[in-house]
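A.B. asks: Numbering (my numbering), first residue to last: 175 to 333.
1) Whole angstroms are fine: how far does the CA of residue 265 sit from the CA of residue 259?
2) Between the Cα of residue 242 and those of 200, 219 and 286, spot the shortest distance and give me the residue it belongs to.
3) Does the Cβ of residue 310 have 16 or more other Cβ atoms within 10 Å, making it buried, or fewer, making it exposed?
4) Using the three-state DSSP reduction, which class does residue 254 fall into: helix, strand or coil?
5) Output needed for residue 216: all residues of its chain with C-beta closer than 7 Å, excluding positions within five of it in sequence on either side, in chain order.
6) By Cβ distance, which residues of its chain are closer than 7 Å to residue 283, with the 5 residues on each side in sequence left out?
7) Check each candidate in 276, 179, 287 and 239 and name the one with the smallest Cα separation from residue 198.
8) Comparing alpha-carbon positions, which option in 190, 273, 276 and 288 lies nearest residue 230?
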């Protein structure tokens, strides 16, 4: 089966990116133009589209363009694919660890935000004043934008 050919705009549209992104990836060596017309018009194939979609997938997984480039550049020296497999496994494991760390941070933030929503919903006076004594028992007081100024104010008034 012969690959269909299409121009840069068609490639960009099929991958849901801008033409500028395609050119940028070419400039970085992540994507190679296989052929050009006499007028310099780039032509791409289905294989190029698959490469571009793979680059976008790796980016979505959190890989940097530098990491993606290292993996792509292994191709010619890696006829068995073992080097790429090893590098991909290493990078995927690193991304899994980093994503778990970020998720834990987001879980903490979500818990904190949910608590604040609950507190604000229970305020009767339209939030004209701080919740007051409850702040001292709040598990988030060390990060709270409301409690810290109160603490500073209370410390300065007791001097």
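For glycine and all other residues, C-beta sits at the position ideal for the given N, C-alpha and C.
C.D. replies: A quick look at the data gives this:
1) 10 Å
2) 200
3) exposed
4) coil
5) 181, 182, 207 and 210
6) Cβ within range, chain order: n/a, list empty.
7) The candidate whose alpha carbon is nearest that of residue 198 is 239.
8) 190
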